[in-house]
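Novice:
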Amino acid sequence: MSKLKLGCIADDSTGATDLANNLVRSGMRVVQTIGVPTAPLVAEVDAVVVALKSRTNPAAEAIAQSLEALKWLQAQGAQQIYFKYCSTFDSTPEGNIGPVTEALMDALGTDFTIATPAFPDNGRTVFKGYLFAGNVLLNESGMQNHPLTPMTDPNLVRVMQAQTKRKVGLIDHKTVGQGEAAIRERMAELRAEGVGVAVVDATSNADLHLLGPALKGMPLVTAGSGVAIGLPANFGLKPSLQASQLPAASGLQAVVSGSCSVATNAQVAHFKATGRPAMAIAPASLMHGQSDAVVQQVLAWATPLLKDGPVLVYSTAEPDAVKAVQAQLGVAEAGALVEHALAAVARGLLGLGVRQLVVAGGETSGACVQALGIAQLQIGPQIDPGVPWCHAPSATGGIHITLKSGNFGTEDFFSKAFGALA
Ligand code: ADP
320 MSKLKLGCIA DDSTGATDLA NNLVRSGMRV VQTIGVPTAP LVAEVDAVVV ALKSRTNPAA
380 EAIAQSLEAL KWLQAQGAQQ IYFKYCSTFD STPEGNIGPV TEALMDALGT DFTIATPAFP
440 DNGRTVFKGY LFAGNVLLNE SGMQNHPLTP MTDPNLVRVM QAQTKRKVGL IDHKTVGQGE
500 AAIRERMAEL RAEGVGVAVV DATSNADLHL LGPALKGMPL VTAGSGVAIG LPANFGLKPS
560 LQASQLPAAS GLQAVVSGSC SVATNAQVAH FKATGRPAMA IAPASLMHGQ SDAVVQQVLA
620 WATPLLKDGP VLVYSTAEPD AVKAVQAQLG VAEAGALVEH ALAAVARGLL GLGVRQLVVA
680 GGETSGACVQ ALGIAQLQIG PQIDPGVPWC HAPSATGGIH ITLKSGNFGT EDFFSKAFGA
740 LA
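In this text, residue positions in the sequence shown follow this note's numbering: the first is 320, and each later residue adds one.
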């Protein structure tokens with residue numbers, strides 16, 4: 320197997336898919352691994368995205384996980400390392416973006432890197448070091464109330480400086496707009512001033528394409544998924560259909576949805592309105608050890624229907640219903656019960672011959688991928704921004720699966736997804 324061009328470390332799993340999707344669209348063949356791989360890669364690729372679950376762990380744990388991933392990527396010959404975090408720079412004053420960046424810099428023996436969560440396609444832009452989400456500053460976007468990583472300061476130079484001992488500087492939009500030479504000159508200037516991490520402005524994909532060439536040869540890049548669009552060209556790669564090619568799809572089709580986000584509620588309603596069969600799982604029915612029985616009922620219902628097209632199994636509900644269930648069962652218990660049941664349904668559906676599976680919900684996806692024993696995903700064509708089809712190979716031929724995080728996808732996502740694979 321040839322040397323890996325780009326080795327990526329993502330601090331969560333749907334974020335990893337988002338990055339992988341951008342790389343594929345820019346011409347790289349990509350495999351996403353669930354944690355640090357223990358087996359050889361399933362395909363010949365240009366980039367690997369190792370999906371960790373390190374965003375909100377204690378910093379020491381996040382560092383340890385990231386360094387383990389780095390070691391594996393280096394063993395594959397990765398020529399450049401990309402540390403991927405959220406486009407809203409989700410972190411606490413202690414980290415983990417700063418501490419992980421610093422640890423990776425130390426391990427790579429480099430004294431300079433960049434940091435920018437800019438992802439203009441998703442409305443995340445950085446201007447004079449300030450992060451905007453849509454039309455408002457980060458700290459007015461709702462992110463100031465995030466339960467785990469409240470973001471109350473939109474100034475990324477300050478936010479990053481609070482998390483790292485290295486000096487943080489800025490490469491502003493004027494410099495970025497002038498292109499590679501000016502960006503490299505500014506980097507040299509910052510370096511001479513003792514700056515170790517440069518926040519970079521970017522308000523458009525054009526900015527990211529101007530930034531890309533200036534990152535050629537940089538041992539470590541830290542960013543959201545946006546910067547990825549400018550990197551494949553540094554390795555001589557252009558967007559191509561081959562990059563997203565997956566084995567031909569076959570087998571039966573199903574959707575499993577545990578997301579209760581606004582977009583998913585609309586997608587479930589839309590799927591039902593098309594007349595396709597759908598079965599709801601009520602969380603309360605899973606109590607008192609009834610989960611296995613409910614799963615068997617669902618599978619018995621699905622068995623005669625699957626041959627005629629996709630079926631939907633869902634726990635998706637509107638906020639009031641979710642709150643009521645959470646009040647009855649507890650937030651964590653309700654979540655765990657439902658995730659466990661939906662994962663068992665997904666496994667049962669595969670037993671019935673399903674080989675094309677749509678999963679809606681970030682946590683739900685994690686539970687299903689685990690229950691299905693999936694360790695690696697080859698990334699295929701995009702269905703909607705941030706959501707590609709993937710292929711998980713196995714001795715029995717493998718399955719096509721797409722993991723849709725809550726608010727992604729248009730209303731007709733479920734039907735569109737199968738159409739896209741046909
Ligand atoms: P999203 O990506 O939309 O956030 P997730 O799958 O990450 O979706 O999270 C949804 C959580 O809500 C999961 O833990 C899931 O088990 C739980 N859940 C799903 N349906 C219900 C429901 N009807 N009532 C309460 N909790 C639910």
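Don't be surprised by glycine CBs; every beta carbon is placed ideally from N, CA and C.
1. Which residue's Cα is closest to the Cα of Ser544: Leu323, Ser321, Thr333?
2. Under 8 Å Cβ to Cβ from Asp491, same chain only, skipping five residues before and after it: list those, please.
3. Quick check: the Cα distance between Glu459 and Leu475, rounded to an integer number of angstroms?
4. Apart from the five residues just before and just after Gly453, which ones in its own chain have a Cβ nearer than 8 Å to its Cβ?
5. I want to check one thing, is the minimum distance from the CB of Val644 to the heavy atoms of the ligand ADP below 7 Å?
6. Could you please give the first and the last residue of the uninterrupted alpha helix (DSSP H) stretch that includes Ser684?
7. Quick one: what's got a C-beta closer than 8 Å to Pro707's C-beta in the same chain, skipping five residues either side?
8. Along the chain, where does the alpha helix (DSSP H) that runs through Phe733 open and close?
9. Is there at least one non-hydrogen atom of the ligand ADP closer than 7 Å to the beta-carbon of Gly680?
10. Please report the residue range of the alpha helix (DSSP H) in which Thr494 lies.
11. Considering Asp703, what are the terminal residues of the beta strand (DSSP E) in which it resides?
12. When the Cβ atoms of the segment 553-561 are set against those of the segment 470-484, are three or more pairs found closer than 8 Å?
13. Under the criterion of a Cβ to heavy atom distance below 7 Å, does Val419 qualify as lining the ligand ADP?
14. If you drop the 5 nearest sequence neighbours on each side, which residues of the same chain put their C-beta closer than 8 Å to that of Val364?
15. Measure the CB-CB distance between His710 and Pro566 and report whether it falls below 8 Å.
16. I believe Ala533 touches Glu499 by the beta-carbon criterion, under 8 Å. Please report the beta-carbon distance rounded to the nearest angstrom.
17. May I ask whether a heavy atom of the ligand ADP can be found less than 7 Å away from the beta carbon of Val632?
18. Among the candidates Cys327, Ser684, Lys484, whose CA atom is the shortest distance from the CA of Glu421?
19. Less than 8 Å between the beta carbons of Ala679 and Ser610, yes or no?
20. Have a look at Ala592 and Ser734 and give me their C-alpha separation to the nearest angstrom.
21. Tell me which same chain residues have a C-beta within less than 7 Å of the C-beta of Ile361, skipping the five on either side of it?
22. Just grab the DSSP bridge partners of Arg505 for me.
23. Using C-beta distances below 6 Å, list every residue in its chain close to Ser724, excluding the 5 sequence neighbours before and after it, in chain order.
24. With a threshold of 7 Å (Cβ to nearest heavy atom), would Thr683 be considered close to the ligand ADP?
25. Starting from Phe446, follow its DSSP beta bridges and name the residues at the other end.
26. Am I right that Val540 and Ile433 are in contact with their C-beta atoms under 8 Å? What's the rounded C-beta distance?
Specialist: Straight from the coordinates:
1. Per the Cα distances, Thr333.
2. Only Lys447, Gly448, Asp520 meet the Cβ criterion.
3. Note on geometry: alpha-carbon atoms of Glu459 and Leu475 lie some 15 Å from one another.
4. Take Gly453, set aside five residues on each side of it, and the residues of its chain with a beta-carbon closer than 8 Å to its own are Gly442, Ser460, in chain order.
5. Yes, Cβ of Val644 sits closer than 7 Å to a heavy atom of the ligand ADP.
6. From DSSP, the alpha helix (DSSP H) with Ser684 extends over 681-690.
7. Only Thr336, Ala339, Asn340, Val343, Ser563, Ile698, Gly699, Pro700, Gln701, Thr721 meet the Cβ criterion.
8. For Phe733, the enclosing alpha helix (DSSP H) covers residues 732-740.
9. Gly680 Cβ: within cutoff of the ligand ADP.
10. Element bounds for Thr494: 492-497.
11. Run containing Asp703: 695-703, per the beta strand (DSSP E) assignment.
12. Remark: fewer than three beta-carbon pairs, one from each stretch, lie closer than 8 Å, so the segment 553-561 and the segment 470-484 are not flagged as touching.
13. Residue side-chain check: Val419 keeps its Cβ at 7 Å or more from all non-hydrogen atoms of the ligand ADP.
14. Once the five neighbours on either side are set aside, the close Cβ partners of Val364 are Leu323, Met347, Arg348, Val349, Val350, Gln697.
15. For His710 and Pro566, yes; Cβs fall inside 8 Å.
16. Rounded, the Cβ-Cβ distance is 5 Å, consistent with contact.
17. The answer is no for Val632.
18. Of the listed residues, the one whose Cα sits closest to Glu421 is Lys484.
19. Going by C-beta atoms, Ala679 is not nearer than 8 Å to Ser610.
20. C-alpha of Ala592 to C-alpha of Ser734: approximately 11 Å in a straight line.
21. Inspection of the sequence shows that residue 361 is occupied by Val rather than by Ile. For Val361, where only same-chain residues beyond five positions count, the Cβ hits under 7 Å are Val350, Gln695, Gln697, Pro712.
22. In the DSSP assignment, Arg505 forms no beta bridge with any residue.
23. The answer, listed in chain order, is Thr333, Gly681.
24. Indeed, a heavy atom of the ligand ADP lies less than 7 Å from the Cβ.
25. Answer is Tyr449, bridged to Phe446.
26. Rounded to the nearest angstrom, the Cβ distance from Val540 to Ile433 is 6 Å, consistent with a contact under 8 Å.
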